[in-house]
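Only one structure is covered here, and it is reproduced in the block below.
Chains as they are written, first to last, in our numbering: chain A, 1 to 384; chain B, 1 to 384.
Below is the structure:
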C-alpha cells in the first residue's frame with residue numbers, strides 16, 4: 001500500500017494574490033495558489049461530497065473549467081473512512097482528481113443531525129446517519145482527518161447555529177466556534193495545506209464583526225462565511241455580507257459556504273466574496289432542472305414533449321450541442337442515468353461560464369454594469 | 001418539425017458478405033452493410049432499450065468499438081412513442097447515434113407480460129407495464145413502428161413460447177409466428193431497412209428445422225434464433241444451435257437473440273452465429289458486477305475494501321486505467337452514479353474486446369484453439 005505522499009511538498013505554502021479590484025463594487029479578482037494548482041477567483045467549486053462530483057468523471061469536471069472541487073470531511077470520515085483513503089494515497093489519488101480539493105469540515109452536516117448530536121467544549125458527539133453508530137469529532141480530529149485526506153484547503157470544525165437563534169445562543173455558539181478555530185490552527189501539522197477559519201454569528205452584525213476581529217488576528221489562510229443560506233433569504237444574507245466583508249482582510253480569500261443560485265453568486269461577488277460551493281447545479285440536475293440563460297426549466301413539463309430545441313439555445317456545452325429537450329425529457333421520465341449526466345454537465349457548464357463572465361467583468365472594472373444587466377436578465381428568473 | 005428523413009437512401013439495400021470461414025468450426029467472419037454503416041461480424045450489440053445504452057453517451061459506446069446497438073420496439077412504442085421519434089427525425093437523430101440500430105420487435109417483452117396479454121391471429125393485445133393502458137400490436141404495426149423509428153434492422157413480431165412448452169403448443173405457436181413473419185415481409189415499405197425473421201420452435205429440433213425451411217424460402221435479410229436463453233441452460237441451447245445453424249442459409253446473417261455470457265457467445269460463434277445482444281454487461285454493471293479476464297467479480301465484497309488493483313489488471317479501458325477496486329467499491333456502496341458508469345464502460349469494453357479477439361481468431365482460421373483455450377481460462381469462471 002502506498003501511504004499518503006507527503007513527499008517533496010513540505011516546503012510549499014498556500015498563498016493568495018489579489019490581482020485587482022473592481023471600480024464600482026467590492027468585487028475582486030485573485031488567484032489562490034494551492035498545493036495542487038492555482039484557482040482563479042471568483043471561483044465556483046462543484047460539490048463532490050463522497051469523492052465524486054455526482055454523475056461526472058473527473059475529466060468532465062476539468063473540461064468544464066473547474067479548478068477546484070469540494071469534498072466533505074464528515075461524509076468521507078464515515079464512508080469509506082479517512083484511514084482507508086490515506087492508505088490508498090490520499091483523496092486526490094483515490095478519486096483520480098489532480099487539481100485542488102477543499103474539504104468542508106462537516107460542522108454543517110453534524111448540525112443537520114439535530115437531535116442526534118451533542119455539542120460540548122471538547123467537540124461534537126453524534127450518531128451516524130448511515131448506521132446509527134456513535135462518533136465524536138473534535139477540532140483536532142477534523143484537522144487530522146483532512147490532513148490524512150490531503151485536502152488543499154481544510155476547514156475548521158464549527159457550530160452552525162440554526163436560523164433564527166436567540167442572541168444568547170448565537171453568542172455562546174460563536175465563542176465556542178472561535179475557540180475551536182484556534183485549537184484547529186494549533187493542531188495543524190501540514191502547513192502546505194491551507195486552513196480556513198469560519199466566521200459565524202447568524203444575522204447579528206455585531207457578532208459577525210466580533211468573529212472577524214477574533215479570527216483574523218490569527219494566521220489562517222482564508223476566511224469563510226458560514227451560517228448563511230440557511231433559510232434567512234437572499235436579502236438578509238446580502239445585508240450580512242454588506243456588514244461583514246468590508247472588515248475582512250483584503251489579502252486573504254473569502255469563501256461563502258454553500259451558496260448559491262446564480263443570483264446569489266453575482267450579488268456576493270459584488271460584496272467582495274471570492275469562493276463559492278453549492279449542490280444546486282448537481283442536485284437540481286438529478287431532479288430534472290436546467291439552469292439556462294433564459295431562466296430555469298423543469299424538463300419534465302409536458303410542454304417539452306416535442307421540443308426540438310436544445311435546453312439552452314445560447315449554450316455551447318456538450319448537452320446543448322447534441323440533444324433536444326424532447327430527448328432529455330424522455331430520458332428523465334424513464335429514469336435513465338444519461339438524463340442526470342446530461343443535465344449535470346450542462347448546469348456545471350452554466351455555473352463555470354457564469355464565473356468566467358464574472359471574472360472578465362471584474363477584470364474590466366465593469367462589474368457594476370454586469371450586475372445591473374444580470375438583475376434585468378431572465379437568468380435570475382423563475383422555473384418554467 | 002423535421003420528419004424522418006427518407007432522403008436519398010431509397011436506393012440502398014442492406015447486404016451481408018461472408019468474408020471467410022474457420023477451418024475447424026462453423027465460425028464465420030462477415031460484414032453486414034446497413035443504411036448507417038458496416039458491421040463486422042461476429043458482432044455484439046449493446047442494448048439501448050429506451051434510446052440510450054444505460055449510463056453511457058453515444059460517443060462512449062462508439063469509442064468502445066460498438067458498430068451497432070439495439071433498441072426495443074415495444075418500449076419505444078410505449079414511451080416516448082414512435083410517432084414522436086418519427087416527428088423528431090427518427091431514432092438515430094433523437095438519441096444522437098449515427099451508426100446502425102437494430103430494433104427488437106417487442107415479441108419477447110409482450111411474452112414476458114404473461115397474463116396481461118392475449119395472442120390471436122391478428123396480433124397481440126396487451127396492457128402496458130407502465131400504466132395498464134390497452135394496446136394491440138400486429139405484425140404490420142410492428143413493421144410500421146420500426147420504419148418510423150428508422151431502424152437499420154427491423155425484427156418481425158413473433159411469439160416466444162415459454163420453456164418448457166408442450167409439442168402441441170410449440171407447433172401451433174410456430175405456425176402463427178411464421179404466418180406473422182410473412183405478413184411482416186408484405187407490410188414492409190422501406191426496403192433500405194433490413195428485415196430479419198425469427199426462427200422459433202423451442203428445443204424441438206424438428207420444429208426448428210421446419211421454421212428454417214418455411215422462413216428461409218422468403219427474402220428476409222437475415223434470420224434470428226429466438227426462444228433461447230429462456231431458462232433451458234447452455235447445454236440445451238448449444239444442442240439446439242448444433243441442430244439448427246447447419247441448415248440455415250450461409251449467405252444471410254444469423255442473430256442469436258438475447259445471448260449471452262462470454263462463454264455463450266464463444267460457443268455460439270463456433271456454431272456459426274454472427275450477431276448477439278444481451279443486457280448482461282450493462283445490467284450486471286449496475287448491480288456491481290465486473291466481467292474480467294479472471295472471471296466475474298462482485299465489487300461490493302468486503303475483500304475489495306482496500307484493494308488498490310484495477311478491476312482487471314489485463315484491461316486497458318478507462319476504468320481499469322484510472323480507478324482502484326477500493327474506489328469503485330466505495331462508489332457502488334454509496335449508490336453513486338459514477339459506479340454504474342465505470343462498471344458499464346468496463347463491461348462493454350470487455351465484451352467488444354472479446355468479439356474483436358473472436359473475429360481475429362476466426363480470420364486466422366484458428367477458432368478451435370481459441371475456444372479450447374477459452375474453456376480452460378478463468379474468463380468462463382464464476383463470480384468472486
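All C-beta atoms, glycine included, are put in the ideal place defined by N, C-alpha and C.
Chain-ordered neighbours of residue i on chain B, where CB pairs are closer than 8 Å
i: residue 54 of chain A; result: 336, 337 and 338
Where residue i falls, given that 16 or more other Cβ within 10 Å makes a residue buried
i: residue 225 of chain A; result: buried
i: residue 67 of chain B; result: buried
i: residue 287 of chain A; result: exposed
i: residue 251 of chain B; result: exposed
i: residue 71 of chain A; result: buried
i: residue 300 of chain A; result: exposed
i: residue 3 of chain B; result: Bear in mind that the predicted position of residue 3 of chain B carries a pLDDT of just 46, short of 50, making it unreliable; the figure below should be weighed with that in mind. Residue 3 of chain B is exposed by the Cβ-count criterion.
i: residue 174 of chain B; result: buried
i: residue 10 of chain A; result: exposed
i: residue 164 of chain A; result: exposed
i: residue 335 of chain A; result: exposed
i: residue 208 of chain B; result: buried
i: residue 130 of chain B; result: exposed
i: residue 229 of chain A; result: buried
i: residue 1 of chain A; result: Legend: pLDDT at residue 1 of chain A = 37, less than 50; position of this residue unreliable, value from coordinates given subsequently. Under this definition residue 1 of chain A is an exposed residue.
i: residue 114 of chain B; result: exposed
i: residue 219 of chain B; result: exposed
i: residue 254 of chain B; result: buried
i: residue 313 of chain B; result: exposed
Own chain, CB closer than 8 Å to residue i, minus 5 neighbours either side, in chain order
i: residue 378 of chain B; result: 293, 294 and 295
i: residue 117 of chain B; result: 110, 111, 124, 125, 126 and 127
i: residue 357 of chain A; result: 370
i: residue 373 of chain A; result: none
Limits of the unbroken alpha helix (DSSP H) element including residue i
i: residue 107 of chain B; result: 107–112
i: residue 86 of chain A; result: 82–87
i: residue 244 of chain A; result: 234–244
i: residue 264 of chain A; result: 262–270
i: residue 213 of chain B; result: 205–216
i: residue 15 of chain B; result: Per DSSP, residue 15 of chain B belongs to no alpha helix (DSSP H); it is in the beta strand (DSSP E), 15–21.
i: residue 304 of chain B; result: Neither: residue 304 of chain B is in no alpha helix (DSSP H) and is coded neither H nor E.
Within chain B, the residues that residue i reaches when beta carbons sit closer than 7 Å
i: residue 322 of chain A; result: 96
i: residue 80 of chain A; result: 330
i: residue 50 of chain A; result: 334 and 336
Where residue i meets chain A, residues with beta-carbon distance less than 8 Å
i: residue 302 of chain B; result: The contacting residues do not exist; residue 302 of chain B stays about 12 Å from chain A at best.
Within chain A, partners of residue i - CB distance below 7 Å
i: residue 425 of chain B; result: Residue 425 of chain B is absent from the structure shown; chain B starts at 1 and stops at 384.
i: residue 298 of chain B; result: None at all; the shortest Cβ gap to chain A is about 17 Å.
Proximal residues of chain B, C-beta to C-beta of residue i below 9 Å
i: residue 84 of chain A; result: 305, 306, 326 and 330
i: residue 57 of chain A; result: 318, 322, 338, 341 and 342
Partner residues on chain D for residue i, Cβ-Cβ distance less than 8 Å
i: residue 88 of chain A; result: Considering every chain present, this structure includes no chain D. Its protein chains are A and B.
Sequence-distant residues of its chain with Cβ nearer than 6 Å to residue i (five each side left out)
i: residue 277 of chain B; result: 45, 47 and 70
i: residue 348 of chain B; result: 46, 64 and 281
i: residue 77 of chain B; result: 145
i: residue 304 of chain B; result: 325 and 329
i: residue 216 of chain B; result: 249
i: residue 385 of chain B; result: Lying before the first or after the last residue shown, residue 385 of chain B is absent from chain B, which here runs from 1 to 384.
Host beta strand (DSSP E) of residue i (start-end)
i: residue 275 of chain B; result: 275–278
i: residue 255 of chain A; result: 254–256
i: residue 334 of chain B; result: Premise fails: residue 334 of chain B is in no beta strand (DSSP E) and is neither H nor E.
i: residue 39 of chain A; result: 37–41
i: residue 96 of chain B; result: No beta strand (DSSP E) contains residue 96 of chain B, which DSSP labels as neither H nor E.
i: residue 388 of chain A; result: Because chain A spans 1 through 384 in this model, residue 388 of chain A falls outside it and cannot be assessed.
Own chain partners of residue i with C-beta closer than 7 Å, once the 5 adjacent residues on each side are dropped
i: residue 309 of chain B; result: 324 and 325
i: residue 365 of chain A; result: 22 and 23
i: residue 214 of chain B; result: 178
i: residue 30 of chain B; result: 16, 17, 18, 19, 41, 253 and 274
Note to self: Tell me whether the stretch 271–283 of chain B and the stretch 13–32 of chain B touch, counting them as touching only if at least three CB pairs, one residue from each stretch, are closer than 8 Å.
What the structure shows: Yes, since at least three Cβ pairs between the stretch 271–283 of chain B and the stretch 13–32 of chain B fall closer than 8 Å, the two stretches touch.
Checklist line | At least 3 beta-carbon pairs within less than 8 Å: the stretch 183–190 of chain B vs the stretch 275–284 of chain B | finding: Contact check between the stretch 183–190 of chain B and the stretch 275–284 of chain B: fewer than three CB pairs, one atom from each, fall below 8 Å, which does not count as touching.
Notebook entry, point to check: Just checking, does the stretch 157–171 of chain A make contact with the stretch 102–109 of chain A on the three C-beta pairs under 8 Å criterion?
Noted result: Under the three-pair Cβ rule at 8 Å, the stretch 157–171 of chain A counts as touching the stretch 102–109 of chain A.
Notebook entry, point to check: Are the stretch 341–353 of chain B and the stretch 76–88 of chain B touching, with three or more C-beta to C-beta distances below 8 Å?
Noted result: When Cβ pairs closer than 8 Å are counted between the two stretches, the stretch 341–353 of chain B is seen not to touch the stretch 76–88 of chain B, the count staying below three.
Check: For the 8 Å Cβ check, are there 3 or more pairs between the stretch 351–358 of chain A and the stretch 91–99 of chain A?
Finding: Because the criterion of three Cβ pairs below 8 Å is not met, the stretch 351–358 of chain A and the stretch 91–99 of chain A do not touch.
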